[in-house]
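Have a look at the structure below before the remarks.
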Amino acid sequence: MRAPAPGASWGWYRVAVFSRAIAAIFGGYAAASASAACLAVWLPVSRVDAVTAGLTLSFVTYTCVVLWVFAVRDAWRAWKGVLWPIAVFGGLFALKRWVLGV
Amino acid sequence: MTTVDHVKGKAAAEAQPEGIRQSMSWLHTWAGLLLGWVLYAMFMTGTLAFFRDEITAYMKPEVQVQAVTSDQAMITGVRYLQTHAPDALRWFVMPYSDRDPVIEVSYQKPGKTGRGSFQRVQLDPATGEAVQSRETRGGDFFYRFHYELEMGYPWGRWLASIAGMFMLVAIISGIITHKKIFKDFFTFRPGKGGQRSWMDGHNALSVLGLPFHLMITFSGLMLFMIMVMPAGIYAMYETPNQFTADAYPSFASKPRTNVPAPMAPIENMITQANTAWGGASVGRVTVNHPGDSAMTVSLTRLVSERVSYGRLPPSMIFNGVTGEVTSASENDSAIMTTVGTIVGLHLGKFAKPWLRWLYFIVSLAGTAMVASGLVLWVAKRRQKAGKDAANRFSLRLVDSLNSGTIAGLLIAMPVFFLANRLLPVDLPDHANWEVKLFLWSWGAAFVYGFVRQRQAWRDLNALAGLLFLSVPIVNALTTSRHLGQSLPAQDWVMAGFDLTMIASGIFCVWLSWKVSRHKAKAPAAVKPKAAPRAAPQAASAASGEASAMAKSAAVAPGTSTAAKAPPTAAAPAVAPPVKTAAAAPPERRDDALPPASAYQPR
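Respectively, the protein sequence lines represent chains P and F.
First residue of the first sequence: 2, per my numbering; consecutive thereafter.
First residue of the second sequence: 368, per my numbering; consecutive thereafter.
Okay, here's the thing in structure tokens:
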């Protein structure tokens, strides 16, 4: 993010910041949760270990998503960076949980 | 932290599409500011919590006992409970620490529920008899405030975890922003203080303590991850409780039989545990259904013996009547050991005195890092706003929040210690009064920060300094364990505490003096060199993290006056080495920030 160019509207800038903040905070949390769930079902260790590792690493996911959201140029890319991990981690979780079975 | 994207000047607009550093700088600034005050309070109280046991010992000066081994303390504790609480539902010998050598036991009285059903007693390890002391929360207050912020469960823990996440983002984005992080680590140019600007203070505090700051922030998030990140648990378990039961085998016991039975000798169980653990000590005992034939005894390993034990060291459970081992837990899988180590590093229970001091000092640097970052936010914007600064609501708001929070906590801490000594020892609710006075004095400082914004930094720091300095004096007047006695007796808890109070007091007074000198000199900024001297002087004085904090804290308020001075007065001070924001090449601007008071309003 950066301040708007001279002449650009502060109103739009505020909307853009708000949109990214939502993407980072709530989208990031969703992505972190999805990664925790995904690792919990996929890691080939005991149940309690897999869950613990998933919880621990979810904070890394969260941080990466937040950085991504504020690093990219436009809001669309920012949201893509949130939705992709949710889709991938969530999809892998669903595959293991409900298709392959744990 | 670059200034680039905050400069709404031509240079910023002309720069190429926003680089990663600019965006990370933006993120660093706002992630750091939004919960910065919460983080400051967490860092400061967490720093004190490393000396939790020592603070507790200091706040019970009438208790003077000699430490024993942990195993011996457990035996003494169980003996006392056998004699004085044979009818209790459960017995606890609380985790023992030779840093606060009194033995603490507690038991659950029959026929009652809730908190009121627990009775706590402190024992002298030498005699095994109860000792009386004034009622105080001691170091536990800071420990709990660190993660609960005096808010009810679970709100404080949630807020602390959210603040921790902001901190993690602020740290990582700060690292990305700081492009010369590796080079700066090996660069020290004391002579160049002016040119490099006092922002160096914030950078130095952050970079030198970086491994610690990262560790403490990430591990802090681990502490409540079961609460804040339940999705991973629900993926494999029905409820979080099942997970906890799986991860940390519980002490679930059979129901009472109401058939009386004597207890097997506790010494034998402890010896068995010692042998099973390769000579390690027992640090805590829990007895369920004492005196009943369904009695179980669980012995937990001394937590300070290994980093990786985190919060829940291994335990062994015995049949209390026969003395046989019924189960033993030690989940030492690689993942559990890793997470245990991360948590153990956060808690620092394993640290012996020198390492504990290192923890304390680096953690203070972290506190100063947060504080200097908050002050920096105001100082930078004030510089840009020029004479307009006094009218900017956002600047006034943040500056008042800063002085009220940062200096306010420095007032509240000595007030807490003074209350401990000055309140009548037998006052009912002594412990709660200490906490109330802590909060009230902080609140009063907060109000003062808003009401008298321009004097707040100077006055509050001066008051904090005087209060800190008065702690050892009041201690000498109210107890016999003052420095004149504690130093010759090598009573390091008492002496160390008093000396730390004196050092803190001197620091705060110096801070206040630094601020007021700026106030006095800034209006006279017509003379070249007068105003901008602050930065180089503070920089050359910076020998430790404390003075570096002072540097930022002291300069900021000075900045205000300088910036508020009419342009004609401020302009000459700009004189030689300063590049204006627009003239400096974008690549260098973060390091080439002009001295705070040297800004030339346009």
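Ideal Cβ placement from N, Cα and C applies to all residues, glycine included.
Could you spell out where the beta strand (DSSP E) holding residue 587 (chain F) opens and where it closes? No beta strand (DSSP E) contains residue 587 (chain F), which is instead part of the alpha helix (DSSP H) from 577-590.
Counting contacts by CB-CB distance shorter than 9 angstroms, is residue 713 (chain F) in contact with chain P? no
Just verifying my parser: in three-state terms, what is the DSSP assignment at residue 421 (chain F)? Here residue 421 (chain F) sits in helix by DSSP.
Can you grab the Cα-Cα spacing for the pair residue 423 (chain F) / residue 429 (chain F), in whole Å? 12 angstroms
Ignoring anything shorter than 4 residues, give me the alpha helix (DSSP H) runs that lie fully in the segment 809-872 of chain F, in order along the chain. 820-845 and 850-853
Residue 535 (chain F) at chain P interface by Cβ criterion, 9 angstroms: yes
Listed by chain order, chain P residues near residue 610 (chain F) by CB distance under 9 angstroms: 48, 49, 52 and 53
Mind checking residue 520 (chain F): buried by the 16 CB within 10 Å criterion, or exposed? Residue 520 (chain F) is exposed by the Cβ-count criterion.
Whose C-beta lies closer than 8 angstroms to the C-beta of residue 432 (chain F) among residues of the same chain, with five residues either side of it excluded? The answer, listed in chain order, is 468, 469, 491, 492, 493 and 498.
Burial state of residue 828 (chain F), where buried means 16 or more other Cβ atoms lie within 10 Å: buried
When you compare the CB of residue 601 (chain F) with every CB in chain P, is at least one pair closer than 9 angstroms? Output row for residue 601 (chain F): interface = yes.
Measure the alpha-carbon distance for residue 767 (chain F) versus residue 744 (chain F) and round it to whole angstroms. 13 angstroms
Would a check of beta-carbon distances place residue 78 (chain P) closer than 9 angstroms to chain F? no
How would you label residue 512 (chain F), buried or exposed, when you count the other beta carbons within 10 angstroms and need 16 or more for buried? buried
I'd like to know whether the C-beta atoms of residue 719 (chain F) and residue 670 (chain F) end up nearer to each other than 9 angstroms. no
In or out: residue 421 (chain F) buried (at least 16 other Cβ within 10 Å) or exposed? buried
Determine, for residue 14 (chain P), whether the minimum Cβ-Cβ distance to residues of chain F falls below 9 angstroms. no
Does the beta carbon of residue 540 (chain F) sit closer than 9 angstroms to a beta carbon anywhere in chain P? yes
Taking only beta-carbon atoms, is residue 10 (chain P) less than 9 angstroms away from chain F? no
Nearest-angstrom Cα separation, counted from residue 413 (chain F) out to residue 736 (chain F): 14 angstroms
Within 7 angstroms of chain P by C-beta, residues of the segment 717-745 of chain F in sequence order: none
Chain P within 9 angstroms of residue 522 (chain F), Cβ atoms only: Against chain P, the CB of residue 522 (chain F) has no partner CB under 9 angstroms away; the residue lies outside that interface.
What would DSSP say about residue 431 (chain F), mapped onto helix, strand or coil? In this structure, residue 431 (chain F) counts as coil in the three-state DSSP scheme.
Tell me whether residue 45 (chain P) is buried or exposed, calling it buried when 16 or more other Cβ atoms sit within 10 Å of its Cβ. exposed
Cβ contact check for the segment 516-536 of chain F and the segment 827-845 of chain F: 3 or more pairs under 8 angstroms: no
Counting along the chain, where does the alpha helix (DSSP H) carrying residue 59 (chain P) start and finish? 48-72
Output needed for residue 434 (chain F): all residues of its chain with C-beta closer than 6 angstroms, excluding positions within five of it in sequence on either side, in chain order. The answer, listed in chain order, is 465 and 468.
Look up residue 625 (chain F) in the DSSP assignment and say whether it is helix, strand or coil. coil
Can you tell which of F:448, F:731 and F:881 has the C-alpha that lies nearest to the C-alpha of residue 657 (chain F)? F:448
Which of helix, strand or coil DSSP assigns to residue 390 (chain F): Annotated three-state conformation of residue 390 (chain F) is helix, per DSSP.
When burial is assigned at 16 or more other CB atoms within 10 Å of the CB, is residue 801 (chain F) buried or exposed? buried
Cutoff 9 angstroms: residue 532 (chain F) Cβ touching any chain P Cβ: yes
Express the C-alpha separation of residue 836 (chain F) and residue 873 (chain F) in angstroms, rounding to a whole number. 7 angstroms
Leaving aside the five residues before and after residue 649 (chain F) along the sequence, list all residues of the same chain whose C-beta is less than 8 angstroms from its C-beta, in chain order. 437, 438, 441, 637, 640, 641, 666, 667, 668 and 669
Between which two residues does the beta strand (DSSP E) carrying residue 683 (chain F) extend? 682-686
What are the start and end residues of the beta strand (DSSP E) that includes residue 655 (chain F)? 649-655
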